[in-house]
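Comments concern the structure below.
Protein chains: 2
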Amino acid sequence: MTDTVRPGRAERVAKLPPRERILDAAEELFHSEGIRGVGVQAVADRAGTTKAALYRHFGTKDALVAEWLLIVAAEYASAFDGIEERWRDDPRAQIRGVAAFVADGLSALSHRGCPFVNSLAELPDPSHPARQVIEAHKARQLRRLTAMCVGAGLADPEEAAAEITFALEGAQVSVQNGSVARVGERVVALVDAVIAWHGP
Amino acid sequence: MTDTVRPGRAERVAKLPPRERILDAAEELFHSEGIRGVGVQAVADRAGTTKAALYRHFGTKDALVAEWLLIVAAEYASAFDGIEERWRDDPRAQIRGVAAFVADGLSALSHRGCPFVNSLAELPDPSHPARQVIEAHKARQLRRLTAMCVGAGLADPEEAAAEITFALEGAQVSVQNGSVARVGERVVALVDAVIAWHGP
DNA sequence: ATGTTACGGTACCGACCAGTCCCACACGAT
DNA sequence: ATCGTGTGGGACTGGTCGGTACCGTAACAT
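Below you can see the structure in the form of structure tokens.
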């Protein structure tokens, strides 16, 4: 009775090559359970493949972690692209769009915070291959935010971008421990205030 | 020649009872290497004692983690006490004092961020004994910050306290990845701006 | 002197870890 | 038909993990 035509989870993604399935599984498990809390066997199992295939493609757990974060960084970057595209000549609205994007991400159920921040907490070794991915992503994000602040004509764009970064990161952290309520609205309000504060 | 009178690290703290030495070792190792990255054997070694003694006192690694965080929370609380005492009838200065306190903590070399946030990233299990310690601490800190905002006569103290919390948490996160410069000054500036923004 | 207690030391357990190896099978190209 | 390649399956290694049990001893109270 279990072998009906209804495709199970493993079969739904069975059409993708093993490499993509492994990355999907890593995405899900690393984010929800933590990197060190997930063994490569568990990743291979959820991907419907084996450890051998995993090591054939990535060579190392650390490399898999780095590649996973690289994909997440690309997703963030394309979200930024969409925001810049949508409010093409209104940098102020772009900044608000970024804040709204983060606020939306907060409502994801059982939110575990920013994958980069969590990974940073789990990987204290500065030579870990994932570290440069994280730092590059954060630096790039700050650069884009700074460019938006420049475009918005803010008096001190670097300062404003830094403060907005604090707000966004802080909101993602605060949503993990349930102390602060209505985090989404409040981070948007704070970013708005920062824009107004530095505005022309 | 190695058994001179110069006391080694183990002897410097040898006067403290084993329980305190274990907690000191846990503090150091858990914070710098991460909870899951440190074995109980390593904690016992650095404490100059044995795993047996560690388990006699704490029963479980998880319990040791919880007790460590309890101590850190108490240290934060007493720092808040000192700040409230120092600017006894100037709540606005108290808030700035909190921001300066956090900013000072950022300059600690090889800063690994807030132990509570890092632990949260490492302990996704909501039933972990350390989780309630973390949540209680964060809630308490927000409550005290809100009280300061009330005392300062801010228009919307809950909102202001939440935004200040975002700023402080975000600064601690941002200092881990070196993307943002001058984090200390900037978080103080942001908190100042929030006060002014909500102020009467 | 005697008993109690906490201590340091160590051997040990079962479980899990990252990583390796070999095998049988399905496929596509020639 | 044959070959090479990537695959899923599983056994295996060496090491580390959290946690337990046992022992001899030093400190202290009585």
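Heads up: the protein sequence lines correspond to chains A and B, in order.
Taking numbering that gives the first Met the number 0, the leading residue of the first sequence gets 0, the next gets one more, and so forth.
Taking numbering that gives the first Met the number 0, the leading residue of the second sequence gets 0, the next gets one more, and so forth.
Just so you know, even glycine gets a beta-carbon here, dropped at the ideal spot from N, CA and C.
| Check | Outcome |
| --- | --- |
| Outcome for L108 (chain A) when other beta-carbon atoms lying within 10 angstroms are tallied against a minimum of 16 | exposed |
| Below-9 Å beta-carbon distance, L122 (chain B) vs any chain A residue | yes |
| Near-chain B residues of the stretch 45-59 of chain A - C-beta to any C-beta below 9 Å | none |
| Closer than 9 Å to chain B by CB, A170 (chain A) | yes |
| Exposure of R55 (chain A), with buried meaning 16 or more beta-carbon neighbours within 10 Å | exposed |
| Ranges of the alpha helix (DSSP H) found wholly within the stretch 15-79 of chain B, counting only runs of at least 4 | 17-32, 39-45, 50-57 |
| Selection from A:L122, A:G152, A:T59 that minimises the alpha carbon distance to G36 (chain B) | A:L122 |
| Pairwise C-alpha distance: T49 (chain B) and T59 (chain A) | 34 Å |
| Where the alpha helix (DSSP H) through C148 (chain A) begins and ends | 128-150 |
| G112 (chain B), buried or exposed, once every other Cβ within 10 Å from all chains shown has been counted against 16 | buried |
| S173 (chain B), DSSP secondary structure in three states | helix |
| 6 Å Cβ shell around E162 (chain A) - same chain, five flanking residues per side excluded | V193 |
| Burial state of T3 (chain B), where buried means 16 or more other Cβ atoms lie within 10 Å | Unreliable positioning characterises T3 (chain B) in this predicted model, as indicated by a pLDDT of 29, which lies under 50. The coordinate reading is nonetheless provided below. Its Cβ having fewer than 16 others within 10 Å, T3 (chain B) is exposed. |
| Three-state class that DSSP yields for W86 (chain A) in the structure shown | coil |
| Simplified DSSP state of V190 (chain B), which is helix, strand or coil | helix |
| Proximal chain B residues relative to R35 (chain A), where beta-carbon distance stays under 8 Å | G33, R35, G36, E121 |
| Chain A within 9 Å of I194 (chain B), Cβ atoms only | no |
| CB contact below 9 Å: F165 (chain A) versus chain B | yes |
| Short-range partners of chain A found in the stretch 140-154 of chain B, where Cβ spacing is below 7 Å | L141 |
| Nearest to A43 (chain B) (by Cα), restricted to the options B:L63, B:A135, B:N176 | B:L63 |
| Beta carbon proximity, V42 (chain B) to chain A, threshold 9 Å | no |
| Residue span of the alpha helix (DSSP H) that contains V179 (chain B), given as start and end | Taken as a continuous stretch (DSSP letters only), V179 (chain B) belongs to no alpha helix (DSSP H), as it is neither H nor E. |
| Any chain B beta carbon closer than 9 Å to V64 (chain A) | no |
| Residue range of the unbroken alpha helix (DSSP H) whose run includes P123 (chain B) | Per DSSP, P123 (chain B) belongs to no alpha helix (DSSP H) and is neither H nor E. |
| Chain B contact for R85 (chain A) (CB, 9 Å cutoff) | no |
| Nearest candidate by alpha-carbon position, reference R185 (chain A), set B:A151, B:E157, B:L119, B:A180 | B:E157 |
| 9 Å Cβ cutoff, A72 (chain B) in contact with chain A | no |
| DSSP-derived helix/strand/coil call for P199 (chain B) | coil |
| Environment of Q93 (chain A) [buried if 16+ CB atoms lie within 10 Å] | buried |
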